[in-house]
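This report refers to the structure that appears directly beneath it.
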Amino acid sequence: MDWTRILTNVFGELLAPTTAAYALAAVGLNIHFGLTGLLNFGQAGFMLLGAYGFAISTIAGLPIWAALLVAIACSVVFALILGIPTLKLRGDYLAIVTIAAAEIVRIVGRSTALTDLTGASSGLRGNSYKESFQALSPFPDGTTDIGPLSYSNNASNSWWIRLVGWALVALACLLVWRLTNSPWGRVLKGIREDEDAVRSLGKNVYAYKMQALVLGGVIGAVAGIVYVLPRAVQPDSMGRPMTFFVWTILLLGGAATVWGPVLGSMIFWAALMLIKSVMRSTVPDTVMRTEQIEQFGWIVVGVTLMMLVIFRPQGLLGDKKELAINVR
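Take a look at the structure:
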């Protein structure tokens with residue numbers, strides 16, 4: 014078994030654009046659930062809308078800053094449409110509504126009636142919208158080796174995407190840290206614990222929930238952009254499983270913490286890569302084929318989520334006294 018190759022792959026996964034995108038999505042979900050107590054199971058919908066808004070705008074010829082604004086606007090509109098009729102719901106009722114809304118976004122995106130706009134089930138090819146982002150890179154064309162890692166400077170899955178992705182994660186964490194220690198953030202925590210008590214103090218709970226939903230959704234939309242920059246915009250790749258992966262990452266690292274989503278994403282993807290790499294090297298094809306190893310890896314993810322909820326609902330960095338998994 015080639016441990017050098019395996020550990021290199023695992024180390025590379027720690028810095029991968031996908032890891033950064035999921036960390037960013039989990040930061041947005043942390044604002045929903047960790048700070049406010051909203052059981053949002055539709056984060057993948059915000060990510061898909063952000064990806065579509067950015068890609069379609071770029072293909073239409075808009076500059077990258079305008080495409081980013083379009084993606085943010087799409088997430089804001091979606092949050093308002095979703096939140097206005099549903100934010101008075103609590104607990105599992107809100108979860109059902111949000112997961113249904115995300116599925117509506119995915120199904121509409123893959124509709125053949127929108128083939129010219131979204132590419133339907135085939136999606137939008139990455140080469141059709143990546144040029145403007147790659148043109149901003151200060152790096153020369155070619156490949157750069159840093160330690161055991163070797164990636165292109167500007168193409169798909171490049172150092173440039175990694176730099177931008179993790180810079181956005183750092184900015185999002187800084188934002189959450191400032192919000193957590195602000196009066197606005199303390200009101201959100203109060204809503205999470207007992208919204209009736211906060212309402213009795215004269216606070217507009219509905220407005221605070223809406224603000225949290227919009228802000229977390231915007232971060233989710235930016236995460237969707239980071240996610241599709243190394244690949245294509247494919248609606249079926251951003252469905253229900255993506256939301257559950259984001260939830261696993263958040264609960265693994267610790268909800269209501271600043272760095273929990275980042276730690277959770279890095280551990281999640283590195284551990285998954287380690288499991289798959291070791292099994293591919295040790296398990297014969299007669300026992301388990303490659304596609305079965307992939308499925309087994311996701312089984313481990315599901316078992317991990319179950320164990321987390323049962324034995325350590327606060328996650329690795331969370332405080333059990335501050336946050337319980339059973340939000341009303």
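Residue numbering for the sequence shown follows our numbering, beginning at 14 and increasing consecutively. Where is the CB? At the ideal position from N, CA and C, for every residue including glycine.
In the three-state DSSP reduction, Thr31 falls in the helix class (H, G or I).
The count of Cβ pairs closer than 8 Å, one atom from the segment 130 to 145 and one from the segment 266 to 277, stays below three, leaving the stretches out of contact. In the DSSP assignment, Val246 is bridged to Leu137. Looking at the DSSP output, Tyr219 bridges to nothing. Ile232 is positioned such that its CB atom lies no closer than 8 Å to that of Leu82. Residue burial is scored here from C-beta neighbours: Gln305 has fewer than 16 other C-beta atoms within 10 angstroms and is therefore classed as exposed. Pro98 and Ala168 have their C-alpha atoms spaced approximately 43 Å apart.
Under DSSP, Leu93 forms no beta bridge with any residue. Apart from sequence neighbours up to five positions away, the residues of its chain that approach Leu162 with a beta-carbon distance below 6 Å are Gly25, ordered along the chain. According to the DSSP assignment, Ser145 belongs to the alpha helix (DSSP H) that extends over 144 to 148. Under DSSP, Tyr164 shares a beta bridge with Thr157.
Under the criterion of beta carbons closer than 8 Å, Gly215 and Ala34 do not qualify as touching, at roughly 39 Å.
Inter-segment contact for the segment 256 to 271 and the segment 318 to 328 is present: three or more beta-carbon pairs are separated by less than 8 Å. Under the 8 Å Cβ criterion, the segment 40 to 51 counts as touching the segment 198 to 211, having at least three qualifying pairs. The segment 236 to 249 makes no contact with the segment 292 to 311: fewer than 3 CB pairs, one atom from each, lie closer than 8 Å. By the neighbour-count criterion, in which a residue is buried when 16 or more other Cβ atoms sit within 10 angstroms of its Cβ, Arg302 is exposed.
Burial state of Val313 is exposed, judged by a 10 Å Cβ sphere holding fewer than 16 other Cβ atoms. Sequence-distant partners of Trp172 (beyond 5 residues in either direction) whose C-beta falls short of 7 Å from its own C-beta, in its chain, are Phe152, Thr157, Tyr164, Asn166.
The segment 249 to 256 makes contact with the segment 54 to 71; the number of CB pairs closer than 8 Å reaches 3 or more.
Relative to the Cα of Ser213, the nearest Cα in the group Gln224, Val200, Ala225 belongs to Val200. Rounded to whole angstroms, the Cβ separation of Gly229 and Leu42 is 6 Å, and the two are in contact under 8 Å. The Cβ-Cβ distance between Leu226 and Ala92 falls below 8 Å.
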